[in-house]
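Number of protein chains: 2
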Amino acid sequence: MVYFDVASSAPLHPVARQALQASLDEGWADPARLYREGRRARMLLDASREAAAEAVGCRPDELTFTPSGTHAVHSGIAGALAGRRRAGRHLVVSAVEHSSVLHAAAAHEAGGGTVTEVAVERSGAVAPEAYAAVLRGDTALACLQSANHEVGVVQPVAEVAEACRTAGVPLLVDAAQSLGWEAVAGDWSLLAASAHKWGGPAGVGLLAVRKGVRFASQGPADERESGRAAGFENIPGIVAAAASLRAVRAEAAREAARLRELVDRIRARVPQLVPDVEVVGDPVRRLPHLVTFSCLYVEGETLLHELDRAGFSVSSGSSCTSSTLTPSHVLRAMGVLSEGNVRVSLPMGAAEADVERFLEVLPGVVAGVREQLGAPGPGPLATPEGAGTLVVDALGRRCPIPVIELAKVIGDVPVGGTVRVLADDEAARLDIPAWCEMRGQEYVGEEPADRGAAYVVRRLS
Amino acid sequence: MVYFDVASSAPLHPVARQALQASLDEGWADPARLYREGRRARMLLDASREAAAEAVGCRPDELTFTPSGTHAVHSGIAGALAGRRRAGRHLVVSAVEHSSVLHAAAAHEAGGGTVTEVAVERSGAVAPEAYAAVLRGDTALACLQSANHEVGVVQPVAEVAEACRTAGVPLLVDAAQSLGWEAVAGDWSLLAASAHKWGGPAGVGLLAVRKGVRFASQGPADERESGRAAGFENIPGIVAAAASLRAVRAEAAREAARLRELVDRIRARVPQLVPDVEVVGDPVRRLPHLVTFSCLYVEGETLLHELDRAGFSVSSGSSCTSSTLTPSHVLRAMGVLSEGNVRVSLPMGAAEADVERFLEVLPGVVAGVREQLGAPGPGPLATPEGAGTLVVDALGRRCPIPVIELAKVIGDVPVGGTVRVLADDEAARLDIPAWCEMRGQEYVGEEPADRGAAYVVRRLS
């Protein structure tokens, strides 16, 4: 099995395993106790904090260990918002943050706060000026990821941090996807990360809060981790997290260069090998190991299943692979195709031969899925006479069927004619405009309908 | 080093270690993913949930894994209170709950809710009738520990659950101290526990919520663990927790009988070996492995330090060993002596020889600490002539000095005379009455003073 989904979770790094096993005997006692076992546990905890703080680029007393990256994000946002309550209740996030940030923002809104989502460019990146423009006098906190988890684009954190600094607003950086590669540059105020993303164990996150940042921990009081992370410390996990962070950093520069080249290869060759593919995200300002593309006329879940059968583990932001049946909010915010979406994220040490084999296998797998769905071929369209309008009823049909039906009939209307696609799958709202862009047809717009919506497309060629 | 503080944290059980190591290779992937690594992780998670649910005595779909026992308590209380918001905002807890429960109660109160603390008897147990009496029409939730973490008394959970059932109030049981020994009997509604207390790893707690209990998870939304525990699942930890719970349960009956006998030995012999000791808690209705006693005229931190030097790791509820400088709320609620407090909690497999050696070492250690502090000996008091009142100024002196000063001068007043002790250490409020009870003197009461308080004691013999 070839695992190309390290952006979800990385296999345990050998150094993490070693450190974990070594500290099971030394790190189980309560570090708050004064006896020998407690003092040993405390020493491990302190040493891990120093090592992790060095890798993060902060002081040890600015760093707390949390039970997960999600907890770090939730606690960091809640604590910073509460600490800045007097400044106001306005929260700024980018539209492509991890769900943990967006859920914290939704909770803030439900509690009476206001939230501004900064739109992103088609690459997935925010524009620093656009971000700066929404900062206000009552902005309590701004959040920006260091790099996007679905498409790998690296965000302009240093520029946004500078704008935040000027506006007097603290910036929280979700560094989950990038901290294993490098420290986050720029003058951030809070930083969150998750160990299992860099090859550390599950159950450990990091929250850094710079001295001077107003912060008021929320939830019931607890004396552990400076009051910022309740519950008994998971010291073996923390030791393993800190040790593996150092270890991956030692390999990072070399490995980044190698994986960057492999990802470039995927980015270049997938569109050559597979028709009707859109590779998304920024080709240059990106994480070294991650690439995402979407395939027209492909159902994401079937594609993942077939790739799994062929021996490859990847993930997808297609709606039909998620429990919510809505396409990835990241792809939606970027305005790119969501159907047949595949994210490939290479683990450190990924073999070139495995990447080559993936590129060999992919075209056949995509073709097979398209054939199952009766997707139209890439040939030229017919040119019927006269003006005309056609209605396609795809109500109750799930992605990518509405797009496939559209593609099947577009040749049945003359150039200048329109097709109205009735659909109630959320993904259609994203995928029909994306199809138009890829196919050079005109997306006229969406009209209300009894059920779902009518998406109107005009044939241009 | 002999570790007698398993009530704080247990060393990792060999089965937990095995299970953890085995699942590091199988349990690192995201269990929400559909590919092979994800499915394997999901299988481990599901199997662990079934095993843990069986040990808890609930259905697997009633059980969620949390990052710690503290998280289970915090989430359980917040979720149950929110779910019963329409019933009211009254919360009932016993006065001797773990700090995680009391801190959650304080947070509820800070948020506008009301809290009733049910007093305990001198044994540390609540009286079921007293508990039932405070349940009201607007009581949203009641909390009761299965057994106390400091003095080991087993609470009447089944009786209180019955009273709650009658009143239509859900009962949350904090089973942290007892779940390794046995399932909690009685008709509870919610249950919380912590794996590192039974020999599982740190970083894993349990929260069971019975079907039919109204529950509304608080905090930002998260799809994991039925929305009740945010963040990526720590599957190796969870597997180790479930496996070790089964393993300790298999040994529990035999080990409980053996440790019960060792604790009986400590309970009987400490008062014979050490003068001026109060063994606290219930001698019968108690955890098998835990005993607590307090030594007059002894400073807790020095005692722990000397026991550590002698090779024994135990804990203490004395004020001077905690960062807050207030004596344990449990000892305070029980109205027992807090100075020179020692909690001994034996791990499974504790050697009889170690217990014997502890009993050999203890008298000399206590005597040494008392000598350092200049504590009075146990001899008969002098009998001076005439009535009289004496004032002892112990302002600014920390426990156990105020009590020692009192003991030194009580012989200087005649029978019927009084001693007024001026003290500003919080522990004096608890320890001076306790001293009177142990010494057969009369505690007249507390009077306001410029600084601290004046504690008035009348000599009776």
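Just so you know, the protein sequences line up as chains G and H, in that order.
Heads up: the first sequence begins at 1 in full-length UniProt numbering, then just goes up one per residue.
Heads up: the second sequence begins at 1 in full-length UniProt numbering, then just goes up one per residue.
The beta carbon of each residue, even a glycine, is placed where N, CA and C say it ideally should be.
Closest residue to residue i among the options (Cα-Cα distance)
| i | options | result |
| --- | --- | --- |
| residue 463 of chain G | G:Leu-81, G:Arg-224 and G:Leu-206 | This structure cannot speak to residue 463 of chain G, because chain G is shown only from 1 to 461. |
| Asp-264 of chain H | H:Arg-122, H:Glu-352, H:Ser-328 and H:Tyr-443 | H:Glu-352 |
| Met-334 of chain G | G:Asp-5, G:Ser-9 and G:Val-153 | G:Val-153 |
| Asp-424 of chain G | G:Asp-393, G:Tyr-443 and G:Ala-132 | G:Asp-393 |
| Pro-67 of chain H | H:Glu-385, H:Val-366 and H:Leu-207 | H:Leu-207 |
| Pro-14 of chain G | G:Val-314, G:Ala-106, G:Val-248 and G:Glu-446 | G:Val-248 |
| Trp-28 of chain H | G:Ile-404, G:Val-73 and G:Ala-10 | G:Ala-10 |
| residue 463 of chain G | G:Gly-368, G:Asp-187, G:Pro-327 and G:Ala-256 | Given a span of 1 to 461 for chain G in the structure shown, any question on residue 463 of chain G remains unanswerable. |
| Ala-127 of chain G | G:Val-239, G:Ala-161 and G:Gly-364 | G:Ala-161 |
| Glu-150 of chain H | H:Gly-124, H:Gly-227 and H:Asp-25 | H:Gly-124 |
| Asp-308 of chain G | G:Leu-171, G:Gly-281 and G:Val-366 | G:Val-366 |
| Ser-244 of chain G | G:Val-93, G:Val-421, G:Asp-412 and G:Leu-179 | G:Leu-179 |
| Ala-202 of chain G | G:Gly-237, G:Arg-136, G:Gly-38 and G:Ala-19 | G:Gly-237 |
| Val-391 of chain H | H:Val-421, H:Leu-362, H:Arg-343 and H:Thr-383 | H:Val-421 |
| Ala-252 of chain G | G:Pro-170, G:Ile-266, G:Gly-57 and G:Trp-198 | G:Trp-198 |
Cut-off 6 Å between Cβ atoms - residues of its own chain near residue i, not counting five sequence neighbours on either side
| i | result |
| --- | --- |
| Val-355 of chain G | Leu-262 |
| Asp-138 of chain H | Gly-88 and His-90 |
| Ala-350 of chain G | none |
| Ala-241 of chain H | Ala-195, Gly-200 and Val-204 |
| Arg-458 of chain H | Thr-418, Glu-442 and Val-444 |
| Ala-229 of chain H | Thr-64 and Thr-66 |
| Asn-341 of chain G | Ser-294, Gly-300, Ser-316, Gly-317 and Ser-318 |
Minimum Cβ-Cβ distance from residue i to chain H less than 8 Å
| i | result |
| --- | --- |
| Ser-232 of chain G | According to the sequence as given, residue 232 of chain G is Phe; it is not Ser. Yes, because at least one Cβ of chain H sits closer than 8 Å to the Cβ of Phe-232 of chain G. |
| Ala-202 of chain G | yes |
| Pro-67 of chain G | yes |
| His-196 of chain G | yes |
| Ser-146 of chain G | no |
| Ser-315 of chain G | yes |
In DSSP terms, what residue i is bridged to
| i | result |
| --- | --- |
| Leu-304 of chain G | For Leu-304 of chain G, which the question treats as bridged, DSSP gives no partner whatsoever. |
| Phe-65 of chain H | H:Leu-206 |
| Ala-453 of chain G | G:Ala-423 and G:Pro-448 |
| Asp-393 of chain H | H:Leu-422 |
| Ser-94 of chain G | G:Val-118 |
| Asp-46 of chain G | According to DSSP, Asp-46 of chain G bridges with nothing at all. |
| Ala-142 of chain G | G:Val-92 and G:Leu-171 |
| residue 462 of chain G | Any question about residue 462 of chain G goes unanswered here, given that chain G covers just 1 to 461. |
Residue-chain proximity (residue i, chain G), Cβ-Cβ < 8 Å
| i | result |
| --- | --- |
| Gly-237 of chain H | yes |
| Trp-28 of chain H | yes |
| His-149 of chain H | no |
| His-103 of chain H | yes |
| Arg-420 of chain H | no |
| Pro-288 of chain H | no |
| Tyr-35 of chain H | yes |
| Thr-70 of chain H | yes |
| Asp-5 of chain H | yes |
| Ser-345 of chain H | no |
| Met-1 of chain H | yes |
| Ser-328 of chain H | no |
9 Å Cβ cut-off: residues of chain G touching residue i
| i | result |
| --- | --- |
| His-74 of chain H | Gly-219, Pro-220, Asp-222, Ala-230 and Gly-231 |
Listed by chain order, chain G residues near residue i by CB distance under 8 Å
| i | result |
| --- | --- |
| Ala-350 of chain H | Simply none; closest approach about 14 Å. |
| Arg-17 of chain H | Leu-24 |
| His-304 of chain H | Correcting the residue type first, residue 304 of chain H is Leu in the shown sequence and not His. Residues of chain G passing the Cβ test: Leu-34 and Tyr-35. |
| Asp-308 of chain H | Leu-34, Tyr-35 and Arg-36 |
| Ser-9 of chain H | Trp-28, Ala-29, Asp-30 and Phe-232 |
Cross-chain neighbours of residue i in chain H, by beta carbon under 8 Å
| i | result |
| --- | --- |
| Ala-107 of chain G | Gly-219, Pro-220 and Ala-221 |
Contact set for residue i: own chain, Cβ-Cβ below 8 Å, skip 5 residues either direction
| i | result |
| --- | --- |
| Leu-346 of chain G | Phe-4, Val-6, Leu-259, Leu-262, Val-263, His-289, Leu-290 and Val-355 |
Closer than 7 Å at the beta carbon, the chain G residues around residue i
| i | result |
| --- | --- |
| Leu-12 of chain H | Leu-24 and Trp-28 |
| Ser-318 of chain H | By Cβ distance, chain G contributes nothing, its closest Cβ being about 12 Å from Ser-318 of chain H, past 7 Å. |
Where residue i meets chain H, residues with beta-carbon distance less than 7 Å
| i | result |
| --- | --- |
| Asp-61 of chain G | Under the 7 Å cutoff, chain H gives no residues; its nearest Cβ is about 16 Å from Asp-61 of chain G. |
Cβ-based neighbour list, residue i, same chain, cut-off 7 Å, excluding 5 preceding and 5 following
| i | result |
| --- | --- |
| Pro-271 of chain H | Val-277 and Val-279 |
| Leu-460 of chain G | Val-415, Gly-440, Gln-441 and Glu-442 |
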